[in-house]
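For reference, the structure is listed below as structure tokens.
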Amino acid sequence: MHFREFVSFVFLAFAIYSPFQVLVQAHSTNSRYDHTFEPSSPFLAALKTLQEQIDYKFESISLLRRAMTHPSYSEENNRALSVLGASLIETSVALRSLGKDIDISAKDLNRQISEISKVESSCFIDGMRLGLEKVVRVSPKTNSSTPAVVCGAFRAIFGAIAIDVGKSDDAGGIFWTVHGGDVGRALAL
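Residues -26 to -1, 1 to 163 (mature numbering (1 follows the signal peptide of the UniProt record, and there is no 0)) are what the sequence shown spells out, left to right.
Here's what the structure looks like:
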């Protein structure tokens, strides 16, 4: 073997061997530690806390991340999840109300749905109790404490849960746990 071929062979062998050594070393180092999720930013820490508050752990944390992103912050935002969440909440209210009283009038049913869907009251109060104004990402020019921002994020959580599990019933159940179980009543966390 000539010197030039030998140098090329050594270089090639080193190029192939080095990445494998790095992987082996990383695996052996990491196997000594617990592999639990440790948030690497204040936002991820807030998402972890939020999951604990609502007693639901997302399979796809990107859904919760999107639910906590206002349209003023990014084009990848919570607008569609909020629409889905609002529909889930309204459906859940209707199901619960009709389950309690199948003879409820349409007017009373609509009143109950309206009451729980009001941005300025029920939805906003539930979102503030969760501290969503501190979690939702907004542009510097947007106030994260406004009822529309907090309520949009609150509703988006349940849209995100429904997509995460693939069932709206689970999202409705978690809504009632967070809301407190009755129409017009908020649960203190």
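Note that beta-carbon positions come from the ideal geometry of N, C-alpha and C, so glycine has one too.
For clarity, every value in this text was computed on a predicted model and none was experimentally measured.
query                                                                                                                                                                          : result
For Leu106, which residues of its own chain have a beta-carbon under 7 Å away from its beta-carbon, when the five flanking residues on both sides are left out?                : Val124, Ala127 and Phe128
Which partner residues does Thr43 have in the DSSP bridge list?                                                                                                                : Arg111
At which residues does the alpha helix (DSSP H) containing Gly126 begin and terminate?                                                                                         : Pro121 to Val139
Leaving aside the five residues before and after Trp150 along the sequence, list all residues of the same chain whose C-beta is less than 8 Å from its C-beta, in chain order. : Ser66 and Arg70
Where does Asn117 fall in DSSP's three states?                                                                                                                                 : coil
Between the stretch 109 to 116 and the stretch 32 to 50, can you find at least three pairs of beta-carbon atoms closer than 8 Å?                                               : yes
How is Phe98 classed by DSSP in three states: helix, strand or coil?                                                                                                           : helix
Would you decide whether Leu163 is buried or exposed? Buried here means 16 or more other CB atoms lie within 10 Å of its CB.                                                   : A caution first: Leu163 carries a pLDDT of 40, below 50, which makes its placement in the model unreliable, though a value can still be read off. With fewer than 16 Cβ atoms within 10 Å of its Cβ, Leu163 is classed as exposed.
Please classify Gly73: is it buried, with 16 or more other beta-carbons within 10 angstroms of its beta-carbon, or exposed?                                                    : exposed
Anyone know if the C-beta pair for residue 167 and Asp138 falls short of 7 Å?                                                                                                  : A query on residue 167 cannot be resolved here, the shown segment of the chain reaching from -26 to 163 and no further.
CA-CA distance, Gly154 and Ala60?                                                                                                                                              : 17 Å
Hey, out of Ala122, Gly147, Leu24 and Arg53, whose CA is closest to Ser96's CA?                                                                                                : Ala122
Assuming Thr142 and Leu83 form a contact by the criterion Cβ under 8 Å, report the distance between their Cβ atoms to the nearest whole angstrom.                              : Note on residue identity: the sequence assigns Ser, not Thr, to residue 142. In fact, because the Cβ distance is near 18 Å, the residues do not count as touching under 8 Å.
Can you tell me which of the three DSSP states Ile28 falls into?                                                                                                               : helix
Alpha carbon to alpha carbon, how far is Thr120 from Gly140?                                                                                                                   : 30 Å
Beta carbon of Gly133, beta carbon of Leu55: below 7 Å?                                                                                                                        : yes
Which same chain residues end up closer than 6 Å to Val57 when comparing Cβ atoms and leaving out the 5 residues on each side of it in sequence?                               : none
Just curious, the alpha helix (DSSP H) that Lys74 is in, first and last residue?                                                                                               : Arg53 to Lys74
For Ile99 versus Tyr30, is the C-beta spacing smaller than 7 Å?                                                                                                                : no
Once DSSP output is grouped into helix, strand and coil, what is the label at Gln86?                                                                                           : helix
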